[in-house]
Amino acid sequence: MDSTAEELRHQWANPSDILSLLLLIGGDIVQKAIAQLVGYRIRLPGPANRNISISITPVAFSFGWVAYAFLSLLSAIGEMKLMPATDYSCLVVNCSNGFTRENKSWVLGRLLRDHANAYPVDPRLEEDGGRAESLRIDIFHLKPPTGPDPDFVWWSGWFIIVVQIAIAVVPWVRFGDWGIFLVTLSGSVFTIITCAMSQWTEEKWAGRKLGGEKVTCLTRGNGHQHIMVFIGSRGCWDLETLATGISTPRPETRWLFGLLAILWTLLLITVSGLTENSWFLIGIGGLGMLQNAFAAGVSRAPGASDIHLATFPRPSTIIGKRKGYTDDPDANVNLEDALRDLADVKAWAPPDVQRAVADTGQAPQMPRWLDTMAVEDGLPAWLDPIKPEVDGGINSELRSSSLHSVGSTYGHDTTENDQRKVITYGEGVHGALIGLEKWVPTAGLAMVQIFFPTGLKYNDESVQGNKHKKFWKRAYHTKSIRKRAEEKRRAEERVAGATQYLC
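Just so you know, we're using the working numbering here: the sequence shown kicks off at 269 and counts up by one.
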């Protein structure tokens, strides 16, 4: 008993033999922490270095770095990728044509995750104390990228690194043990070098910039409760290419990670040789691991990932609420009447503007109702939007004067808790999507295909070649008959097989 107690006392007094083991855990957390924080760059001073910048990333030295060094070496040798796969699956939809892409971007996955966490949808019935919400749509203007914004998470990383070095100085000053300071300083330098590789930022933002206006939606699809709508313009990120973009691996990545793996191995051997003041190193590594976990998992503002947004003021948010409504007796519409309702818009925005001006001799004026969205200004009744609410319930007429505030709203980054948000409530999911279509044409149409799939239906635009169109038209028109016949054939085949087996 005395020997056991003595062993435990000695172990807890100076647990040096487990330090080398601790350095081998948590490699995946380190990778996600880098993915979250990497991207901020500083330019070197002097006119000759005007176009030279260095990426600095405050990921603290922790127990997981040795494990990550070998994981990254394996990745660099194999697929040559540094960024982790997105941990929040979602879809990116081009609202011009309804084309849907599965998101592969870490940035876009975290963007939707953090937005959903910031604005939870409450589906509980009102009589149960809930808000009876079924869908939330938030609309934004994309702004050109200017680099990630340093936030609390970014600055706290540097603070932790400074604290770690300060802790490492203590045993050197008090006991003359400079080994812990050497390990901490070396580990911090290795982390900074690892994160400074250009391939990190090239993979994180592997998309192109837009050459014109484009509307894109980000959502998890049918069964989920959030849609983010982005109205992009020239110079903004093309979210479609960002979702699936693949960067070209840099040739120096392999040998740099090979060199770093050797250095981390030497550091691991050095740690194994430290037999005194182990608690200082455990505290340093534990503090770094907490910082890594915090950076890897915490929600951040979009600007921290170089996604700069401005609220769309007409309206900025559309929420579908489950409530009863009076339905129309039939679903018949006169599509020619709908076209006539938009005759003034068609004249103002024809397919060929130059030809229209040449034919008429002058450029037509924009219909006033496009600006005011008011029926009294000529807005067709079927496009009349639900009156929005501003600042939690104050009605807004959304007249022209309020809409011209787009410029001032566009001038600041915002996505969260903006007091100027204009909110519209629709009747369920369909009501919210109808509201979206009224304010952002084609966005609602694109989302209807996601949340209410049309099933097996012929779409002429998706088929090329008349030969193929003829087949698919016949196939769609006769699908029910052929499906029933094939199911019956398989059933009889199974019966015949069972009978033959019994015989």
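For each residue, glycine too, the CB sits at the ideal point set by N, CA and C.
Computed from a predicted model, the values in this text were never measured in an experiment.
For Leu305, count neighbouring C-beta atoms within 10 Å of its own C-beta (all shown protein chains included) and say buried if the count is 16 or more, exposed if not. The count along the sequence shown starts at 1 and reaches residue 305 at position 37. The residue in question, Leu305, is buried, as its Cβ has 16 or more Cβ neighbours within 10 Å.
Mind checking who Phe498 pairs with in its DSSP beta bridge? Residue numbering aside, residue 498 sits at position 230 when the sequence shown is read from its first letter. Paired residue(s): Phe408 and Thr484.
What residue range is occupied by the uninterrupted alpha helix (DSSP H) comprising Val389? The residue you call residue 389 lines up with position 121 of the sequence shown. Here Val389 belongs to no alpha helix (DSSP H), and DSSP marks it neither H nor E.
When burial is assigned at 16 or more other CB atoms within 10 Å of the CB, is Thr533 buried or exposed? Locating residue 533 in the sequence shown gives position 265, counting from the first residue. With fewer than 16 other Cβ atoms within 10 Å, it is exposed.
Taking the beta strand (DSSP E) that Arg636 belongs to, which residues open and close that run? Position 368 of the sequence shown, counted from the start, is the residue given in the question as residue 636. Premise fails: Arg636 lies in the alpha helix (DSSP H), Arg636 to Thr640, not in any beta strand (DSSP E).
Option nearest Ile499 by Cα separation, candidates Val483, Val566, Tyr387 and Val389: Counting from 1 along the sequence shown, the entry for residue 499 is found at position 231. Of the candidates Val483, Val566, Tyr387 and Val389, the one whose C-alpha sits nearest the C-alpha of Ile499 is Val483.
Continuous beta strand (DSSP E) stretch holding Lys589: start and end: Reading the sequence shown from its first residue, position 321 is the one you call residue 589. Per DSSP, the unbroken beta strand (DSSP E) holding Lys589 starts and ends at Thr585 to Lys589.
Can you name, in chain order, every residue of its own chain whose Cβ lies under 6 angstroms from the Cβ of Gly295, other than the five neighbours on each side? Within the sequence shown, residue 295 is the residue found at index 27, counting from 1. Apart from sequence neighbours up to five positions away, the residues of its chain that approach Gly295 with a beta-carbon distance below 6 angstroms are Gly332, Ala335, Tyr336 and Leu339, ordered along the chain.
In chain order, which beta strand (DSSP E) runs of at least 3 residues are fully inside the stretch 353-381? Every unbroken stretch of the beta strand (DSSP E) spanning 3 or more residues and falling wholly within the stretch 353-381 is given here in chain order: 359-362 and 368-370.
Would you mind sorting Phe580 into buried or exposed? The rule is 16 or more other CB atoms within 10 Å of its CB. Within the sequence shown, numbered from 1, the residue matching residue 580 stands at position 312. Phe580 is buried by the Cβ-count criterion.
Determine the DSSP secondary structure at Lys477, reduced to helix, strand or coil. Taking the first residue of the sequence shown as 1, we reach residue 477 at position 209. Strand.
Express the C-alpha separation of Leu507 and Asn600 in angstroms, rounding to a whole number. Against the sequence shown, residue 600 aligns to sequence position 332. Against the sequence shown, residue 507 aligns to sequence position 239. Cα to Cα, Asn600 sits roughly 38 angstroms from Leu507.
For Glu760, name the three-state secondary structure that DSSP assigns. On the sequence shown, residue 760 is found 492 positions in, with the first residue counted as 1. Looking at Glu760 - three-state DSSP - the assignment turns out to be helix.
Since Ser445 contacts Ala572 with CB under 8 angstroms, what's their CB separation in whole angstroms? As a working note, residue 445 is residue 177 in the sequence shown. As a working note, residue 572 is residue 304 in the sequence shown. According to the sequence provided, residue 445 is Asp. The question's Ser does not apply to it. Contact flag wrong, Cβ pair sits at about 38 angstroms.
Report yes if the C-beta distance between Trp616 and Pro632 is below 8 angstroms; otherwise report no. On the sequence shown, position 348 is the one that residue 616 refers to. On the sequence shown, position 364 is the one that residue 632 refers to. Yes. Within cutoff.
Let me confirm a value: His409 is counted as buried when at least 16 other C-beta atoms fall within 10 Å, else exposed. Which label applies? Within the sequence shown, residue 409 is the residue found at index 141, counting from 1. Result: buried.
If you count every other CB in all the chains shown that lies within 10 Å of the CB of Phe449, and 16 or more means buried, which is it? Taking the sequence shown and counting its residues from 1, one reaches residue 449 at position 181. Label assigned to Phe449: buried.
Where do the N-terminal and C-terminal ends of the beta strand (DSSP E) with Ala578 fall, by residue? The residue given as residue 578 occupies position 310 in the sequence shown. From DSSP, the beta strand (DSSP E) with Ala578 extends over Leu577 to Thr579.
Report yes if the C-beta distance between Pro656 and Ile702 is below 8 angstroms; otherwise report no. Taking the first residue of the sequence shown as position 1, residue 656 is located at position 388. Taking the first residue of the sequence shown as position 1, residue 702 is located at position 434. With respect to Ile702, Pro656 sits apart: the two C-beta atoms are not nearer than 8 angstroms.
For the stretch 355-374 against the stretch 543-550, are there 3 or more C-beta pairs whose distance is under 8 angstroms? Result no; under three Cβ-Cβ pairs closer than 8 angstroms.
Simplified DSSP state of Gly694, which is helix, strand or coil: Taking the sequence shown and counting its residues from 1, the one referred to as residue 694 is at position 426. Strand at Gly694.
Where does Leu403 sit, in a helix, a strand or coil, going by DSSP? By 1-based counting over the sequence shown, the position of residue 403 is 135. Assigned with DSSP and collapsed to three states, Leu403 falls in strand.
Buried or exposed by the 16-neighbour rule on C-beta atoms within 10 Å, applied to Gln768: As a working note, residue 768 is residue 500 in the sequence shown. The C-beta of Gln768 has fewer than 16 other C-beta atoms within 10 Å across all chains shown, which makes the residue exposed.
From the DSSP output, in three-state form, read off Ile322 for me. Sequence index remark: in the sequence shown, residue 322 carries index 54 (1-based). Note: Ile322 maps to strand in three-state DSSP.
If you follow the alpha helix (DSSP H) that Arg311 is part of, which residue opens it and which one closes it? Locating residue 311 in the sequence shown gives position 43, counting from the first residue. Not the alpha helix (DSSP H): Arg311 falls in the beta strand (DSSP E), residues Arg309 to Arg311.
For Trp505, which three-state DSSP category applies? As a working note, residue 505 is residue 237 in the sequence shown. Note: Trp505 maps to strand in three-state DSSP.
Between which two residues does the alpha helix (DSSP H) containing Gln299 stretch? On the sequence shown, residue 299 is found 31 positions in, with the first residue counted as 1. Note, Gln299: alpha helix (DSSP H), Gly295 to Leu305.
Name the residue from Ser501, Ile749, Thr462 and Ser466 whose alpha carbon lies nearest to the alpha carbon of Gly480. Numbered from its first residue, the sequence shown carries residue 480 at position 212. The shortest C-alpha separation from Gly480 is found at Ser501.
Give every residue of the same chain whose Cβ lies closer than 7 angstroms to the Cβ of Trp374, excluding the five residues on either side of it in the sequence, and list them in chain order. Taking the sequence shown and counting its residues from 1, one reaches residue 374 at position 106. By the criterion of a C-beta distance shorter than 7 angstroms, Trp374 is surrounded in its chain by Ala303, Met351, Pro352, Thr354 and Lys472, once the five residues flanking it on both sides are discounted.
Have a look at Ala273, Gly526, Gly366 and Arg404 and flag the residue whose alpha-carbon is nearest the alpha-carbon of Gly491. Walking along the sequence shown from the start, residue 491 turns up at place 223. Nearest to Gly491 by C-alpha distance, out of Ala273, Gly526, Gly366 and Arg404, is Arg404.
In this structure, does DSSP put Ile654 in helix, strand or coil? The residue you call residue 654 lines up with position 386 of the sequence shown. In the structure shown, Ile654 sits in coil (DSSP, three-state: anything other than H, G, I, E or B).
Looking only at C-alpha atoms, which of Met557, Gly447, Cys504 and Thr640 sits nearest to Gly541? Residue 541 sits at position 273 when you count from the first residue of the sequence shown. Distance check between Gly541 and each of Met557, Gly447, Cys504 and Thr640 places Gly447 closest, using alpha-carbon atoms only.
N- and C-terminal bounds of the alpha helix (DSSP H) containing Val566: Within the sequence shown, residue 566 is the residue found at index 298, counting from 1. From DSSP, Val566 is part of no alpha helix (DSSP H); its letter is neither H nor E.
Within 8 angstroms, strictly: CB atoms of Asp574 and Pro439: Here residue 574 corresponds to residue number 306 of the sequence shown, with the count starting at 1. Here residue 439 corresponds to residue number 171 of the sequence shown, with the count starting at 1. Not in contact: Asp574 and Pro439 (Cβ atoms no closer than 8 angstroms).
If Val566 sits next to Val421, beta carbons under 8 angstroms apart, how far is it from one beta carbon to the other, in whole angstroms? Taking the first residue of the sequence shown as 1, we reach residue 566 at position 298. Taking the first residue of the sequence shown as 1, we reach residue 421 at position 153. About 6 angstroms separates the Cβ atoms of Val566 and Val421, confirming a contact at the 8 angstroms cut-off.
Could you give the C-beta distance for Leu312 and Ile320, rounded to a whole number, given that I count them as a contact under 8 angstroms? For this step, residue 312 is matched to residue 44 along the sequence shown. For this step, residue 320 is matched to residue 52 along the sequence shown. Correct: roughly 5 angstroms between the Cβ atoms.
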